Amino acid sequence: MQWRNVEQISCALETVFNGVLETRMRGVPIINPALSVQAIGFNPFNGDWPGVLITPWFMNLLLLPGPDSQWREQPPGGKFQQSFPYGTFEFTLAREAQLGTYALCSLFSPMFQFENQSAALAAAQAALQGLLTVPAARAVSRRDLLRGAFGSR
Numbered sequence: 009m010q011w012r013n014v015e016q017i018s019c020a021l022e023t024v025f026n027g028v029l030e031t032r033m034r035g036v037p038i039i040n041p042a043l044s045v046q047a048i049g050f051n052p053f054n055g056d057w058p059g060v061l062i063t064p065w066f067m068n069l070l071l072l073p074g075p076d077s078q079w080r081e082q083p084p085g086g087k088f089q090q091s092f093p094y095g096t097f098e099f100t101l102a103r104e105a106q107l108g109t110y111a112l113c114s115l116f117s118p119m120f121q122f123e124n125q126s127a128a129l130a131a132a133q134a135a136l137q138g139l140l141t142v143p144a145a146r147a148v149s150r151r152d153l154l155r156g157a158f159g160s161r
C-alpha cells in the first residue's frame, strides 16, 4: 500500500479494523463496548507515518511504511527499533491484506480502563504528542549531585 495522506490512512485503518471488530473479535470478552475504532495522527515523520489506533480491544502506536522504509518487506512477527524525539521503541511487524505490512507498539490492552471514547482519545493524543516531543532536560543541582540523588525524582 502506498500511503498518500492522513485522510486515506484514517479511512483505511478504520475500515479494516471495524471489519476485524465485526468478524474476528465478535463475542470476544476483551471488547470494551464504550469504545470505537479511531485512527489518530498519521502525519509523515522521518519517511514513515506514525499514529495511534484506538480499538475496543487495544490501543497501539502504529507505524505505516513510507516508500523507502527498510522494514516494509520483512515478514510479520519480526521486530525492529525505531527512534523518535522522545526515545527508541520496539515495534512488531504485522500484516492485513487491505493494508499491507505495518508495525505496532502496544500502548494499552485490553481497554477496560477507559470509560468512554473521549478518555481513550485523550490518552492517544497525549501518547502521540509525547512520542514526537523531545523530553525536557532536568536540571541537577549541585546538592543532588553530591548526595547522589540525581535521577531519583
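9 is the number of the first residue of the sequence shown in this note's numbering; add one for each residue after it. We treat Cβ as the ideally placed atom computed from N, Cα and C, and that holds for glycine. Only a predicted model underlies this, so the values are computations on that prediction, with no experimental measurement involved.
By the Cβ neighbour-count rule, residue 37 is exposed, with fewer than 16 other Cβ atoms within 10 Å of its own.
Beta-bridge pairing by DSSP links residue 103 to 109.
In the structure shown, residue 96 falls within a strand segment according to DSSP collapsed to helix, strand and coil.
A distance below 6 Å between beta-carbons, with the five flanking residues on each side excluded, links residue 74 to the following residues of its chain, in chain order: 55 and 56. Rounded to the nearest angstrom, the Cβ distance from residue 59 to residue 43 is 17 Å, too far for a contact under 8 Å.
By the CB criterion at 8 Å, residue 9 and residue 108 fall inside the cutoff.
Looking from the CA of residue 89, the closest CA among 83, 99, 111 and 81 belongs to 99. For residue 62, there is no enclosing alpha helix (DSSP H); the enclosing beta strand (DSSP E) has its first and last residue at 57 to 62. Distance between residue 82 and residue 145, taken at the CA atoms: about 36 Å. In this structure, residue 48 sits near residue 133, with a CB-CB distance shorter than 8 Å.
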